[in-house]
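Visitor: Before we start, here is the structure in question, set down as structure tokens.
There are 2 protein chains.
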Amino acid sequence: MSVRAGIVVTGTEVLNGRVSDRNGPWISERLAELGVEVSSILCVGDRRSDLEAALAFMRSQGMDLVVTSGGLGPTADDLTAEVVAGFAGLELELDEGMEQKIAAILRSFARRLRLDEEALRVANRKQAMVPAGATAIDPAGTAPGLVVPTDGLVVIVLPGPPRELRAMWEPAIATEPVRDLLARATPFLGFTLRMIGTPESEIAKSLREIEDETDLSALEVTTCLRRGEIEVDVRYRDGAEAAAEALREGLSRRQSRYLFSSDGETIDSIVARALRGRRLGLAESCTGGLLAARITDAPGASEYLAGSVVAYSNEAKSELLGVDPELIAAHGAVSPEVAAAMAAGALERFDADVAVSVTGIAGPEGGTEEKPVGYVCLCALTADGEELARDPVIPGGREDIRERSALVAMHMLRIVLGGGEPPL
Amino acid sequence: MSVRAGIVVTGTEVLNGRVSDRNGPWISERLAELGVEVSSILCVGDRRSDLEAALAFMRSQGMDLVVTSGGLGPTADDLTAEVVAGFAGLELELDEGMEQKIAAILRSFARRLRLDEEALRVANRKQAMVPAGATAIDPAGTAPGLVVPTDGLVVIVLPGPPRELRAMWEPAIATEPVRDLLARATPFLGFTLRMIGTPESEIAKSLREIEDETDLSALEVTTCLRRGEIEVDVRYRDGAEAAAEALREGLSRRQSRYLFSSDGETIDSIVARALRGRRLGLAESCTGGLLAARITDAPGASEYLAGSVVAYSNEAKSELLGVDPELIAAHGAVSPEVAAAMAAGALERFDADVAVSVTGIAGPEGGTEEKPVGYVCLCALTADGEELARDPVIPGGREDIRERSALVAMHMLRIVLGGGEPPL
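In order, the protein sequences belong to chains A and B.
Those letters in the first sequence? Residues 7 to 430, per our numbering, in order.
Those letters in the second sequence? Residues 7 to 430, per our numbering, in order.
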């Protein structure tokens with residue numbers, strides 16, 4: 007039996023594009039893990055009529071579950087609790103226990119920030135109003151959440167700040183009305199294949215060939231280009247294992263040159279794993295720290311990353327990485343020769359086992375006919391003398407070129423660390 | 007007269023949270039600039055019924071304009087053109103001119119990637135089908151867009167890849183049906199104030215005080231916390247200038263300690279401007295390159311950024327920044343003393359006019375009672391001997407701590423470069 011859900015995200019700042027919504031995708035991933043099918047994510051402003059229309063739309067679409075985020079603050083334009091109560095035909099009642107909890111939170115908050123306690127408390131009594139028969143969820147910030155059962159549909163009401171929303175997710179789905187609903191959902195099974203260097207149309211062709219031999223209709227297959235890699239996501243329910251395995255095997259075989267992950271592991275995780283017990287040094291020019299930032303995004307990166315020299319100026323390339331100024335003069339700062347010297351410098355200065363360098367023209371200025379914007383030279387070296395060099399011309403704008411350069415560097419690290427050699 | 011718009015984003019990968027939607031917010035910002043009021047952004051999957059329901063919802067909400075993104079590819083699950091034609095009650099017709107354009111694009115594409123030309127062409131004839139009476143927009147990739155006038159509502163149909171969508175925006179809004187609609191919209195006026203170090207509730211209090219003296223009802227005021235800063239966005243239409251100025255003046259005066267931008271300029275742009283003609287060196291530990299990546303995000307950063315030493319290991323701090331190992335042993339790598347030595351090292355190694363350093367505990371491991379996760383030491387130095395040091399405990403997870411640390415470093419740069427001294 008399938009459970010259908012919709013997500014309603016409120017907030018003018020999301021609607022007008024100033025802040026990008028992090029809650030919709032997060033909730034959607036959590037629901038998918040629980041086997042719930044998310045059919046729409048609707049962002050609306052803080053107006054009563056828009057919020058009412060959003061809930062009515064979800065009901066008209068036959069949703070079993072609606073999750074809302076935002077609009078639970080203390081000010082008058084925070085309307086979600088009230089509108090959901092109206093939608094469910096329930097009166098709002100003051101939850102005195104909750105009022106005391108919020109008051110206690112606000113007292114410490116007010117003291118720390120030296121605010122007027124009484125003004126805060128009055129403004130926040132509003133947040134302790136709970137629809138009759140609903141379950142209040144303890145706040146992670148100051149706003150409590152709600153689980154409101156209505157006619158044939160359960161509404162989970164959560165606050166907008168992502169940290170608060172995430173902290174309140176588990177308690178919300180543990181409430182009885184949500185538990186009862188989730189008992190009807192069959193969790194999805196699935197896996198993700200990741201490839202680099204093959205166009206989406208080739209994946210589509212492989213999928214058609216596999217489909218000629220095997221019935222794939224029980225699988226939900228999504229192909230998407232994500233940060234320069236191709237991700238093929240396969241989801242299915244109990245009983246479709248054979249078709250799923252046929253697809254995994256068929257696609258892996260046809261795209262073996264390009265496949266680098268068949269169990270969902272990301273390139274970042276693959277590289278982090280390969281670096282265990284080794285020491286990495288980086289030398290960056292056009293990526294300007296992005297590569298180091300990407301690698302240090304992983305907790306525990308200090309175990310293998312010694313550091314990065316972001317050598318943006320030519321002087322820094324010479325002073326901090328020991329690149330011969332004459333080499334730069336002869337070949338230009340963006341050249342395979344300088345990339346190799348930067349990698350050698352990083353290997354030495356960081357006393358590293360492996361190093362990778364990036365120097366390129368991220369634009370928008372600085373391109374020439376011979377070396378256009380997007381021309382990037384990369385070199386990966388190991389202390390054992392392995393070397394891998396690439397100098398692609400990467401399409402797109404400055405941001406694309408910088409991000410893609412860091413990605414290529416990650417894949418070159420994977421390769422010199424022993425993880426196959428697909429084309430880049 | 008106001009023009010109301012809705013945005014429909016299609017794509018399973020957006021709906022299931024694997025890819026975050028970049029088109030909805032971008033379209034929303036463009037429409038706002040044109041004076042169009044965006045009331046909802048709806049993400050749905052690639053199913054016919056969901057897409058039909060999305061368009062019906064937009065009509066029920068009285069929208070004058072709907073912009074769709076995605077679902078224009080060559081495969082069978084790309085349904086947008088067909089569903090929009092059905093919604094408008096129009097037949098799809100083959101646009102032969104468009105078919106030739108797409109064929110020409112595909113030929114060069116197929117040659118470059120060595121694909122089967124004929125198979126591609128057949129699959130892509132589908133993309134040349136245009137509803138009768140609609141205007142086709144030339145492709146920026148391979149998929150043409152559409153402008154489809156329907157009963158009282160204009161639908162702009164654009165492809166999903168952000169680069170293509172953005173390139174096709176101007177031609178789409180220049181078509182006659184959209185021009186006619188936009189002629190009825192009054193563009194918004196407005197400004198943005200940016201503050202750091204004051205809680206949202208204090209802004210709300212200032213706004214209430216200003217409202218006691220001036221009628222602000224003609225203004226749309228949005229306060230939001232964005233990447234650690236508070237942004238107050240004020241929008242209004244002709245005639246509300248006096249109220250808008252009263253708000254700008256009143257809020258600037260009340261929050262003068264915290265205000266750093268009253269004309270919408272970002273901290274990145276303020277720092278970039280202040281750095282003109284100077285030379286910056288960075289020394290990063292816990293931010294791991296994020297600060298350098300943020301600064302080099304700006305085109306032209308090579309004019310003032312010499313580089314960054316991302317000294318993740320203690321050896322790198324000593325070897326590349328000249329930090330005395332005994333200083334690290336005595337105070338720990340995360341200490342105001344080491345932060346000061348790192349900044350001094352960056353100043354010297356990069357021969358810089360100004361340097362800033364960051365060393366901290368980003369977690370999740372590595373915290374102690376005395377130096378908890380989130381404890382970050384920063385130091386900004388100028389060659390003239392100005393010094394500014396901070397050592398906040400930053401709340402949140404690893405990502406929050408790293409991002410906020412980079413933000414604090416940006417504001418410290420602003421301050422040592424002469425831009426006031428609000429508390430951080």
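Think of the CB as a built atom: it goes at the ideal place given N, C-alpha and C, for glycine as much as any other residue.
Provide the residue span of the alpha helix (DSSP H) that contains A/V90, from first to last.
Guide: The residue you call residue 90 of chain A lines up with position 84 of the first sequence. 86-94 is the extent of the alpha helix (DSSP H) around A/V90.
Visitor: Can you name the residues that DSSP bridges to A/T198?
Guide: In the first sequence, residue 198 of chain A corresponds to position 192, counting from 1. Paired residue(s): A/D239.
Visitor: Where do the N-terminal and C-terminal ends of the alpha helix (DSSP H) with A/E375 fall, by residue?
Guide: Along the first sequence, one-based indexing puts residue 375 of chain A at 369. Premise fails: A/E375 is in no alpha helix (DSSP H) and is neither H nor E.
Visitor: Looking only at C-alpha atoms, which of A/T18, A/V73, A/D27, A/D83 sits nearest to A/L159?
Guide: Position 153 of the first sequence, counted from the start, is the residue given in the question as residue 159 of chain A. The residue with the shortest Cα to Cα distance from A/L159 is A/V73.
Visitor: Taking just the CA atoms, how far does B/F194 sit from B/R408?
Guide: One-based indexing of the second sequence puts residue 408 of chain B at position 402. One-based indexing of the second sequence puts residue 194 of chain B at position 188. Approximately 36 Å between the Cα atoms of the pair.
Visitor: Take every Cβ of the stretch 316-333 of chain B, pair it with every Cβ of the stretch 288-297 of chain B, and state whether three or more of those distances are shorter than 8 Å.
Guide: yes
Visitor: Can you tell me whether DSSP reads A/L423 as helix, strand or coil?
Guide: For the purposes of this step, residue 423 of chain A is identified with residue 417 of the first sequence, where counting begins at 1. Three-state result, A/L423: coil.
Visitor: Three or more beta-carbon pairs under 8 Å between the stretch 41-53 of chain B and the stretch 90-100 of chain B, yes or no?
Guide: No, the stretch 41-53 of chain B does not touch the stretch 90-100 of chain B.
Visitor: For A/A312, decide whether its Cβ has a neighbour in chain B, counting only Cβ atoms nearer than 7 Å.
Guide: Counting from 1 along the first sequence, the entry for residue 312 of chain A is found at position 306. True, the Cβ-Cβ gap to chain B drops below 7 Å.
Visitor: Cβ atoms of A/D239 and A/T272: under 7 Å apart, would you say?
Guide: Position 266 of the first sequence, counted from the start, is the residue given in the question as residue 272 of chain A. Position 233 of the first sequence, counted from the start, is the residue given in the question as residue 239 of chain A. It is not a contact, given that the beta carbons lie outside the stated cut-off.
Visitor: Using C-beta distances below 8 Å, list every residue in its chain close to B/A11, excluding the 5 sequence neighbours before and after it, in chain order.
Guide: In the second sequence, residue 11 of chain B corresponds to position 5, counting from 1. Contacts found: L37, V42, E43, V44, S45, M69, D70, L71, V72, V73.
Visitor: Output, in chain order, the set of chain A residues within a Cβ distance shorter than 7 Å of B/Q67.
Guide: In the second sequence, the residue the question calls residue 67 of chain B occupies position 61. Per Cβ cutoff of 7 Å: A59.
Visitor: Pull up the DSSP beta-bridge partners for A/R396, would you.
Guide: Against the first sequence, residue 396 of chain A aligns to sequence position 390. DSSP output for A/R396 lists A/L384 as bridge partner(s).
Visitor: Measuring straight from C-alpha to C-alpha, what distance separates A/G380 and A/A178?
Guide: Numbered from its first residue, the first sequence carries residue 380 of chain A at position 374. Numbered from its first residue, the first sequence carries residue 178 of chain A at position 172. So the alpha carbons of these two residues sit roughly 48 Å apart.
Visitor: Closer than 7 Å, CB to CB, is A/P370 near chain B or not?
Guide: Walking along the first sequence from the start, residue 370 of chain A turns up at place 364. True, the Cβ-Cβ gap to chain B drops below 7 Å.
Visitor: Output the residue ranges of the beta strand (DSSP E) runs that lie fully inside the stretch 239-287 of chain A and measure 3 residues or longer, sorted by chain position.
Guide: 265-267
Visitor: Looking at A/P342 and B/P305, is the spacing between their C-beta atoms short of 7 Å?
Guide: Walking along the second sequence from the start, residue 305 of chain B turns up at place 299. Walking along the first sequence from the start, residue 342 of chain A turns up at place 336. With contacts defined by Cβ atoms closer than 7 Å, B/P305 and A/P342 do not form a contacting pair.
Visitor: So if I threshold CB-CB distances at 8 Å, which residues from the stretch 31-45 of chain A count as touching chain B?
Guide: P31, W32, I33, S34, E35, A38, V44, S45
Visitor: Which same chain residues, not among the five before or five after B/A224, have their C-beta less than 8 Å away from its C-beta?
Guide: Residue 224 of chain B sits at position 218 when you count from the first residue of the second sequence. Apart from sequence neighbours up to five positions away, the residues of its chain that approach B/A224 with a beta-carbon distance below 8 Å are Y242, R243, G245, A246, A249, ordered along the chain.
Visitor: In or out: B/S275 buried (at least 16 other Cβ within 10 Å) or exposed?
Guide: The residue you call residue 275 of chain B lines up with position 269 of the second sequence. Counting C-beta atoms within 10 angstroms of its own C-beta, B/S275 has fewer than 16 neighbours from the protein chains shown and is therefore classed as exposed.
Visitor: Measuring only between beta-carbons, confirm whether A/P429 sits less than 7 Å from chain B.
Guide: Start at 1 with the first residue of the first sequence, and residue 429 of chain A comes out as number 423. Because A/P429 sits at a pLDDT of 49, beneath the cut-off of 50, its placement in the model cannot be relied upon, and the following sentence gives the value as read from the coordinates. Chain B contact via Cβ: absent.
Visitor: A/S411 bridges to which residues according to DSSP?
Guide: Walking along the first sequence from the start, residue 411 of chain A turns up at place 405. In the DSSP assignment, A/S411 is bridged to no other residue.
Visitor: Evaluate B/A138 with the Cβ neighbour count: other Cβ atoms within 10 Å of its Cβ, from every protein chain shown; 16 or more gives buried, anything less gives exposed.
Guide: Position 132 of the second sequence holds residue 138 of chain B. Answer is exposed; the Cβ neighbour count stays below 16.
Visitor: So for A/E97, helix, strand or coil by DSSP?
Guide: Along the first sequence, one-based indexing puts residue 97 of chain A at 91. Coil at A/E97, not helix or strand.
Visitor: So B/R10 contacts chain A; which residues on that side make the cut at Cβ distance below 9 Å?
Guide: Here the question's residue 10 of chain B lines up with position 4 in the second sequence. Result: empty, since nearest Cβ-Cβ is about 11 Å, beyond 9 Å.
Visitor: State the Cα-Cα distance for the pair A/T141 and A/E105, rounded to the nearest angstrom.
Guide: Position 135 of the first sequence, counted from the first residue, corresponds to residue 141 of chain A. Position 99 of the first sequence, counted from the first residue, corresponds to residue 105 of chain A. When the Cα atoms are used, A/T141 and A/E105 turn out to be separated by approximately 14 Å.
Visitor: Kindly indicate the opening and closing residues of the beta strand (DSSP E) around A/A312.
Guide: Numbered from its first residue, the first sequence carries residue 312 of chain A at position 306. A/A312 -> beta strand (DSSP E) spans 311-317.
Visitor: Determine the direct distance from the alpha carbon of A/K132 to that of A/V153, and round the result to whole angstroms.
Guide: Residue 153 of chain A sits at position 147 when you count from the first residue of the first sequence. Residue 132 of chain A sits at position 126 when you count from the first residue of the first sequence. C-alpha separation (whole angstroms): 17 Å.
Visitor: What did DSSP end up calling A/A109 once you bin it into helix, strand or coil?
Guide: Numbered from its first residue, the first sequence carries residue 109 of chain A at position 103. Looking at A/A109 - three-state DSSP - the assignment turns out to be helix.
Visitor: Do you know how far the Cα of A/M418 is from the Cα of A/E251?
Guide: Position 245 of the first sequence holds residue 251 of chain A. Position 412 of the first sequence holds residue 418 of chain A. Taking the straight line joining both Cα atoms gives about 29 Å.
Visitor: Thinking C-alpha only, which one of A/V15, A/V9, A/E19, A/S8 is nearest B/R232?
Guide: Indexing the second sequence from 1 puts residue 232 of chain B at position 226. Taking only the C-alpha atoms, the option nearest B/R232 is A/E19.
Visitor: Do you know whose CA, among A/T192, A/V161, A/P168, A/P165, lies nearest A/T181's CA?
Guide: Locating residue 181 of chain A in the first sequence gives position 175, where the first residue counts as 1. With distances taken between Cα atoms, A/T181 lies closest to A/V161.
Visitor: Scan the stretch 318-331 of chain A for residues whose Cβ lies nearer than 8 Å to a Cβ of chain B and list them as they occur along the chain.
Guide: Y318, S319, E321, A322, E325, L326
Visitor: Against chain A, does B/F266 count as a neighbour if the rule is that its beta carbon must be under 7 Å from one of theirs?
Guide: Translated into the one-based positions of the second sequence, residue 266 of chain B becomes position 260. Not one chain A Cβ lies under 7 Å of B/F266.
Visitor: Assuming B/L415 contacts B/V344 (C-beta within less than 8 Å), just tell me the rounded distance between them.
Guide: If you number the second sequence from 1, residue 415 of chain B lands on position 409. If you number the second sequence from 1, residue 344 of chain B lands on position 338. Strictly speaking, residue 415 of chain B in this sequence is Ala, with Leu absent from that position. In fact, because the Cβ distance is near 15 Å, the residues do not count as touching under 8 Å.
Visitor: Counting only beta-carbon separations shorter than 7 Å, does B/P305 have a partner in chain A?
Guide: Your numbering for residue 305 of chain B matches position 299 in the second sequence. With its beta carbon less than 7 Å from one in chain A, B/P305 belongs to the interface.
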